[in-house]
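For the sequence shown, my numbering assigns the number 1 to the initial residue and increments by one for each residue that follows.
Note that CB positions come from ideal geometry on N, CA and C, so glycine has one too.
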Amino acid sequence: MSALPNDSPIRCLNFDILWCIIDMNANMFDDNTAALKTTLTTSRVCRDWRSFMLRTPSIWAHLIDVDYLYRCTIEGRRELFRRSGTALLWIQTHTPNSHPLCVPPRYLNCVLDVLCEYRERIQRLDATIVVRQARRWKPLYLPMPYLESFSVTLVENSRASEVQDIRRLLPFSVLFGGSAPMLQELCYRSGRANLTAPWLRQLRSMVLWALLTVSETLGVLMLTNNLVKLQISNTYTNDMTAKLPLATLPKLAYLELSLHFDLISGAVLLDHMSIPPACSLRFSMEFLHHEYITNKSTLGSVIQAISTCAQRHFTHHVPQALGLVFEAFHSMDLTTSYSDERRCNEQSFVFSMNLASNQVFPAHALPILLSKFTLPHFSEVTEMVIVIAGKNRPVPELAAFIARLPSVNIIHTDAWSLRHVARAQAALERAHTGPQTAFPALKTLRIAFSGLEPFTTFDSAPDPISKFVMPRIARGHAIATVDFTENTLDVLPDVEFIRKAHGLKVLWRKSGVAEILEHICGTGMPKNIASIREVSAT
Numbered sequence: 001m002s003a004l005p006n007d008s009p010i011r012c013l014n015f016d017i018l019w020c021i022i023d024m025n026a027n028m029f030d031d032n033t034a035a036l037k038t039t040l041t042t043s044r045v046c047r048d049w050r051s052f053m054l055r056t057p058s059i060w061a062h063l064i065d066v067d068y069l070y071r072c073t074i075e076g077r078r079e080l081f082r083r084s085g086t087a088l089l090w091i092q093t094h095t096p097n098s099h100p101l102c103v104p105p106r107y108l109n110c111v112l113d114v115l116c117e118y119r120e121r122i123q124r125l126d127a128t129i130v131v132r133q134a135r136r137w138k139p140l141y142l143p144m145p146y147l148e149s150f151s152v153t154l155v156e157n158s159r160a161s162e163v164q165d166i167r168r169l170l171p172f173s174v175l176f177g178g179s180a181p182m183l184q185e186l187c188y189r190s191g192r193a194n195l196t197a198p199w200l201r202q203l204r205s206m207v208l209w210a211l212l213t214v215s216e217t218l219g220v221l222m223l224t225n226n227l228v229k230l231q232i233s234n235t236y237t238n239d240m241t242a243k244l245p246l247a248t249l250p251k252l253a254y255l256e257l258s259l260h261f262d263l264i265s266g267a268v269l270l271d272h273m274s275i276p277p278a279c280s281l282r283f284s285m286e287f288l289h290h291e292y293i294t295n296k297s298t299l300g301s302v303i304q305a306i307s308t309c310a311q312r313h314f315t316h317h318v319p320q321a322l323g324l325v326f327e328a329f330h331s332m333d334l335t336t337s338y339s340d341e342r343r344c345n346e347q348s349f350v351f352s353m354n355l356a357s358n359q360v361f362p363a364h365a366l367p368i369l370l371s372k373f374t375l376p377h378f379s380e381v382t383e384m385v386i387v388i389a390g391k392n393r394p395v396p397e398l399a400a401f402i403a404r405l406p407s408v409n410i411i412h413t414d415a416w417s418l419r420h421v422a423r424a425q426a427a428l429e430r431a432h433t434g435p436q437t438a439f440p441a442l443k444t445l446r447i448a449f450s451g452l453e454p455f456t457t458f459d460s461a462p463d464p465i466s467k468f469v470m471p472r473i474a475r476g477h478a479i480a481t482v483d484f485t486e487n488t489l490d491v492l493p494d495v496e497f498i499r500k501a502h503g504l505k506v507l508w509r510k511s512g513v514a515e516i517l518e519h520i521c522g523t524g525m526p527k528n529i530a531s532i533r534e535v536s537a538t
């Protein structure tokens, strides 16, 4: 390593910026398996950098990656801990990839040596434990006075004869000797478990990815009423007749519920949780049993439970942006965002249902979602994304859903989805209760299209944009702008609204040209124009 000239760009780098760069690269918990290696390399760039990094013990204290250290020499390990000084330690230890179910003795000994020697300095611990070796993790049963975050993944052996009771092998009631006064975060990933411990009540954040019944999950939540953030996955129902307790979480600000295989458990769990209306909500469903999707009653009850929970939330975080994305062969999503002085477009509610590759949503899926979320709470939404793909039949429920969106002034959509919106608009105009206007405040229509939109028997009109725009003009609700800048277009489409929608502004971009082009309809035809079937978009 040599000294660099005083005017070297490296030496001119502000140390605050340098610290930010080093700190980002040194985060081994951010899916960064090379964090320690990268930091060691960085410390050898020049003498100034090395001196700065060696004077900052917290950098090294947060890089105790046992997966890397166990391949180092004993002297190499000692050097890392020497550099960490007396700073509190962040430790990560996972099962080596080549031995997912049986950790090599040398590796396990390395882990246990580190935990034993530095137990009283550990602030954050992320460990993977093979179930049949759980008895050897004796340091976990001793007090950890500075432990703030504990993440544990229990790996079960694939041979059933060797799988033992996790609740007996890793009893939570005696973890940390019952003494972890600073512990605030718990992430538990495993199968069956008996989660009872005196420190549960002090937790502020919990990730519970455990195979627990709804009753067991509620039992845990009743012991963690100080939670601010909660993520639950893998809960399931067993006895639908059992009387369930009510878990009250008065401080909860974020709830994420992931349902796999079993949808009913989600509905039951939500019915027995009391959470503040300000709590942000995220619901995701995947790997679902076929009968849960095809059974209208089951799907409807689950979405209704989520809608009921969401409505309480919407009274506090009034939605200002709404996203509806339905892809028949992939996913069904509904999201809302709001804005305030502290947050910009904070996504406060997410509903997401994803299918396996061999599944397709039945015809009733989208109508159920729309009907359960046709809510007055959306009256202040000003911006909307709507995508409906793979749905070649009319969706009557879309009209009632749209009728609840009187303040929308910007719509993001595509030419195919706009066919559904145009049909809903026409349905509202013919409503038996009297004509209604879809999106009366609409000013801007932002269109993304590839030129490859399919045509079907239910609506073969090649010009869905005009079919949406022109009736609005006739009824005195003209929009101001059609925006094609989501893609680049070689030419504008030769469609009715460009010829007849006088005063309407059209924006688009050409490939390789930074400038946004503008055309005002009624001022003559633009020079470059082509049939919509021939438009090239990227």
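Residues sharing a beta bridge with residue i, DSSP
i	result
A247	M273
P229	Residue 229 is actually Lys in this sequence, not Pro. Partner(s): S205, Y254.
Y188	V152, L208
F351	F283, L334
A127	T93, V152
L324	L334, I386
V508	Checking the displayed sequence, the identity of residue 508 turns out to be Trp instead of Val. Partner(s): L517.
H260	E286
T481	T444, K505
I411	M384, L445
Y236	T213
I122	L89
Cβ distance (whole Å) where residue i is taken to contact residue j below 8 Å
i	j	result
D113	T93	That pair is no contact at about 11 Å.
I122	L154	Not a contact, Cβ separation roughly 19 Å.
N409	A441	5 Å
H313	P362	Actually they do not touch by this definition, with Cβ atoms about 28 Å apart.
Q263	C309	Note on residue identity: the sequence assigns Leu, not Gln, to residue 263. Wrong, their Cβ atoms sit about 15 Å apart, outside the cutoff.
L63	A34	That pair is no contact at about 11 Å.
W416	A389	7 Å
Q133	L115	With a Cβ gap of about 14 Å, Q133 and L115 do not count as contacting.
I465	L418	6 Å
M544	L369	It is not possible to answer for residue 544, since the shown part of the chain is limited to 1 through 538.
Where residue i sits in the DSSP three-state scheme
i	result
S307	helix
M24	helix
E383	strand
E518	strand
Y68	helix
M395	Checking the displayed sequence, the identity of residue 395 turns out to be Val instead of Met. It is coil, neither helix nor strand.
T38	helix
P172	Per the sequence presented here, residue 172 reads as Phe, with Pro not at that position. Looking at F172 - three-state DSSP - the assignment turns out to be helix.
H289	coil
T298	helix
L541	Examination of residue 541 is not possible in this model, given that the chain is present from 1 through 538 alone.
A45	This sequence places Val at residue 45; Ala is not what is there. The answer is coil: DSSP assigns V45 none of H, G, I, E or B.
D463	coil
V421	helix
A537	Unreliable positioning characterises A537 in this predicted model, as indicated by a pLDDT of 45, which lies under 50. A coordinate reading is not provided.
P435	coil
V220	helix
D195	Position check: residue 195 holds Leu in this sequence, whereas Asp was assumed. The answer is coil: DSSP assigns L195 none of H, G, I, E or B.
Y107	helix
Given residue i as reference, the closest of the options once Cα atoms are compared
i	options	result
D414	R430, F484, A61, L246	F484
R124	I306, S58, H412, G323	S58
V318	S407, Q231, A127, A180	S407
L334	V360, T374, S357	T374
R204	R189, T213, L211, L223	L223
S307	Y254, T336, F176, R119	T336
L517	A501, L492, N194, S233	L492
> Three or more C-beta pairs closer than 8 Å, one from the segment 322 to 333 and one from the segment 297 to 311: is that the case here?
Replying inline: Using a C-beta cut-off of 8 Å, the segment 322 to 333 makes no contact with the segment 297 to 311, since fewer than three inter-stretch Cβ pairs fall below that distance.
>> Would you call the segment 348 to 362 in contact with the segment 269 to 286, where contact means no fewer than 3 C-beta pairs closer than 8 Å?
In response: The segment 348 to 362, when compared against the segment 269 to 286, does touch it at the 8 Å Cβ threshold.
> Should the segment 361 to 381 be regarded as contacting the segment 391 to 407, the criterion being three or more beta carbon pairs within less than 8 Å?
Replying inline: With the cut-off at 8 Å, the segment 361 to 381 and the segment 391 to 407 touch.
> Touch check for the segment 460 to 477 and the segment 508 to 528: three-plus C-beta pairs under 8 Å?
Replying inline: Cβ pair count under 8 Å is below three, so no.
> Is the segment 41 to 54 in contact with the segment 69 to 80, if contact means three or more CB pairs nearer than 8 Å?
Replying inline: Fewer than three pairs of CB atoms, one per stretch, sit closer than 8 Å, so the segment 41 to 54 makes no contact with the segment 69 to 80.
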